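Residue numbers (full-length UniProt numbering): 1 to 344. No residue lacks a Cβ here, since even glycine has one placed at the ideal position from N, Cα and C. Please read these numbers as outputs of a predicted model, since none were measured by experiment. Single-structure report; data block below.
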């Protein structure tokens with residue numbers, strides 16, 4: 001859900017870098033909400049007295065830097081996740097296109113869900129590292145940095161520990177995709193106009209609503225996944241998890257039996273509040289980076305506005321435009337050279 005629309009006037013590397021930087025920036029700014037969400041899902045003592053009290057307790061015990069624990073792992077995960085997700089998504093979409101190159105919205109959303117599972121498989125160890133870094137006490141750390149976390153988990157707990165709970169990513173992809181599909185079908189009718197005519201604000205609202213509904217439906221799977229990532233007999237207090245379990249099914253049962261069904265949605269408040277600033281910063285930062293790239297490519301006259309460069313065909317790709325400029329430059333240079341007759 002955190003994707004932004006591609007622009008054919010950007011090269012593949014420019015689109016990738018713009019999206020990566022925008023994701024890095026938006027994740028960093030909203031990291032405190034992510035920390036509170038993860039701690040609430042795991043069930044550490046910081047979040048036992050409600051959403052707002054969590055911020056005070058974390059700040060009191062770990063200081064302000066405690067709100068950015070695990071942020072580096074989360075940001076590092078962006079680039080390989082985006083690359084694998086896009087490559088897999090394009091491959092699946094291509095297989096399901098009809099002879100006119102069209103794919104239904106239903107198939108496109110489910111293709112996104114499958115691509116998310118594939119990208120999650122590749123980057124899952126970084127998600128485990130993020131969870132372990134978030135739940136530890138910043139002033140008495142068990143892990144120091146991303147690489148140390150990954151190597152220590154592998155050395156002490158084995159390779160499977162780096163993929164503990166991954167099956168819940170697969171299970172959670174189904175309700176997430178259903179939620180996205182239901183929202184997009186509903187908002188299309190709400191706006192009473194075809195999606196290609198949506199304004200940036202309409203697309204932003206659609207994305208926020210879809211993300212909110214989809215994450216609410218799939219949230220119990222993520223909560224149990226976070227608990228499985230956090231629990232370890234080698235960590236103090238078993239990683240701070242509020243229930244102890246032997247596997248995925250037992251985790252669900254222990255949570256419902258000891259904490260109640262609604263505890264499967266612990267941290268949803270922080271996660272929901274995070275949606276608007278996260279998407280807002282994501283799209284704003286992406287657009288700013290895109291303007292710089294479009295200016296460098298010659299499509300606009302300034303990196304501070306979208307005013308188009310006069311005489312430039314905006315339908316040309318960046319490499320095609322570069323070739324046209326080179327051709328025109330060489331032609332003008334040739335026409336300015338004096339002929340042999342003129343010299344005499």
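- According to DSSP, residue 300 shares a beta bridge with 308.
- Ranking 7, 50, 80 and 29 by CA distance to the CA of residue 269 puts 50 first.
- Taken atom to atom, the span from the alpha-carbon of residue 60 to that of residue 29 is near 20 angstroms.
- A straight-line Cα-Cα distance of about 14 angstroms links residue 7 and residue 296.
- Per DSSP, residue 238 lies in no alpha helix (DSSP H) segment and is marked neither H nor E.
- Taking C-beta separations shorter than 6 angstroms and ignoring five residues to either side along the sequence, the partners of residue 171 in its chain run 221, following chain order.
- No residue range can be given for residue 69, since it is assigned to no alpha helix (DSSP H) and is classified by DSSP as neither H nor E.
- Residue ranges of uninterrupted alpha helix (DSSP H) with 4 or more members, entirely inside the stretch 158-192 and ordered along the chain, are 166-191.
- Separation of the CB atoms of residue 238 and residue 22 is rounded to 37 angstroms, and the pair is thereby denied contact status at 8 angstroms.
- The continuous alpha helix (DSSP H) containing residue 202 extends over residues 200-230.
- Pairing residue 207 with residue 272 gives a Cβ-Cβ distance that is not under 8 angstroms.
- Residue state for residue 245 is assigned as coil, using DSSP reduced to three classes.
- In the three-state reduction of the DSSP assignment, residue 139 falls in the coil class.
- Nearest C-alpha to residue 150 among 85, 168 and 70: 70.
- Of 314, 308, 263 and 309, the smallest CA-CA separation from residue 48 is found for 263.
- Here the stretch 84-91 makes contact with the stretch 112-122; the two share three or more CB pairs at distances below 8 angstroms.
- One thing to note: residue 290 has its Cβ within 8 angstroms of the Cβ of residue 10.
- Within its own chain, no residue has a Cβ closer than 6 angstroms to the Cβ of residue 305 once the five positions on either side in sequence are excluded.
- Annotated three-state conformation of residue 144 is coil, per DSSP.
- Remark: C-beta atoms of residue 143 and residue 133 approach each other more closely than 8 angstroms.
- Within the same chain, and ignoring the five residues on either side of residue 243 in sequence, the residues whose Cβ sits closer than 6 angstroms to its Cβ are 254, 255 and 258.
- A straight-line Cα-Cα distance of about 14 angstroms links residue 330 and residue 321.
- Just measuring C-alpha positions, the residue of 281, 127, 198 and 235 sitting nearest residue 76 is 127.
- Spanning the alpha carbons of residue 177 and residue 147 requires a straight line of approximately 32 angstroms.
- Going by C-alpha positions, residue 139 is about 6 angstroms away from residue 62.
- Under the three-state reduction of DSSP output, residue 316 falls in the coil class, being neither helix nor strand.
- Exclusion of the five residues before and after residue 324 leaves 316 as the residues of its chain whose Cβ lies within less than 7 angstroms of its Cβ.
- Cβ neighbours of residue 229 within its own chain (closer than 8 angstroms, five residues either side excluded): 127, 128, 131, 132, 164 and 165.
- C-alpha of residue 236 to C-alpha of residue 95: approximately 49 angstroms in a straight line.
- By the Cβ-count criterion, residue 261 is exposed, with fewer than 16 other Cβ atoms from all chains shown falling within 10 Å of its own Cβ.
- Distance from residue 224 to residue 251 at the Cβ level is roughly 5 angstroms; contact confirmed, criterion being Cβ atoms closer than 8 angstroms.
- Cα atoms of residue 198 and residue 266: separation of roughly 34 angstroms, rounded to the nearest angstrom.
- Nearest Cα to residue 34 within the set 169, 298, 328 and 274: 274.
- Per DSSP, reduced to three states, the secondary structure at residue 54 is helical.
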